[in-house]
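To start, the structure under review is shown below, and the notes come after it.
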Amino acid sequence: MMTDLKILLVDDHEINSLFTGYMFSKLGIPFDIAVNKDQAIELLSENEYSMVLMDIEMPRYNGYEVAKMLRDINHKIPIVAFTTLPAKEVLPKAFEVGMNDYMLKPNAMQELEDMLDRYKQSA
């Protein structure tokens, strides 16, 4: 169990959010879901999170744009690009806007646990 973590999942796709939320629940990790930029900014402004998992392909404001805005609110929180796009396509831009890492979705429970462990230890 990783109950000392709290995750902000930013993803506009309901099925992805339900699937990832199910995995968080199985791991005993509290989480909130934001489906757009405004919700992400509001939640990060009002809550303490251990990490943000950021979908890249969202309408209106993509994950890169939202990540830049979230960086203005919290300079230290790990922001992980959480996407179906290949790493070679995502990572250069993700690092440029202040993201810390990349995770391909959908993902296996062990991959998610490994990612969370990595950032839990560095917090």
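Counting in my numbering, the sequence shown runs from 15 upward without gaps. C-beta atoms are modelled at their ideal positions from N, C-alpha and C, and glycine is treated no differently. Values in this document were obtained by computation on a predicted structure and should not be read as measured data.
Any chain B beta carbon closer than 8 angstroms to residue i
i	result
Ile91	The displayed structure is made up of one protein chain only, and chain B is not part of it.
8 angstroms Cβ cutoff met for residue i and residue j
i	j	result
Tyr63	Ile91	yes
Leu99	Ile70	yes
Asn61	Ile93	no
Pro43	Ser31	In the sequence as displayed, the identity of residue 43 is Ile instead of Pro. No; because the gap between Cβ atoms is not below 8 angstroms, this pair is not in contact.
Met123	Met37	yes
Assumed close pair residue i, residue j - CB separation to whole angstroms, cut-off 8 angstroms
i	j	result
Asp86	Asn50	In fact, because the Cβ distance is near 17 angstroms, the residues do not count as touching under 8 angstroms.
Leu19	Leu57	Between Leu57 and Leu19 the Cβ distance is about 15 angstroms, and since that is not below 8 angstroms, they are no contact.
Val104	Met68	Not a contact, Cβ separation roughly 10 angstroms.
Best match in the options for proximity to residue i [C-alpha to C-alpha]
i	options	result
Glu110	Gln124, His89 and Tyr78	Tyr78
His89	Gly112, Lys102 and Tyr75	Gly112
Phe33	Ala101, Phe96, Asp131 and Ser59	Phe96
Gly53	Glu127, Gln124, Met83 and Lys134	It should be pointed out that residue 53 corresponds to Gln in this sequence rather than to Gly. Here the closest residue by C-alpha is Met83.
Lys40	Glu127, Lys134 and Tyr133	Glu127
Glu28	Ser59, Met65, Met72 and Ala81	Met72
Gly35	Tyr133, Lys134, Lys119 and Arg132	Lys119
Val66	Tyr75, Phe45 and Arg74	Phe45
Bridge partner(s) assigned by DSSP for residue i
i	result
Asp128	DSSP lists no partner for Asp128.
Leu23	Ile47 and Leu67
Asp115	Val94
(request) Starting from the N-terminal side, write out each stretch of the alpha helix (DSSP H) that is 4 residues or longer and does not extend beyond the segment 46-102. (result) Entirely contained in the segment 46-102, the alpha helix (DSSP H) runs reaching 4 residues are, in chain order, 51-60 and 77-87.
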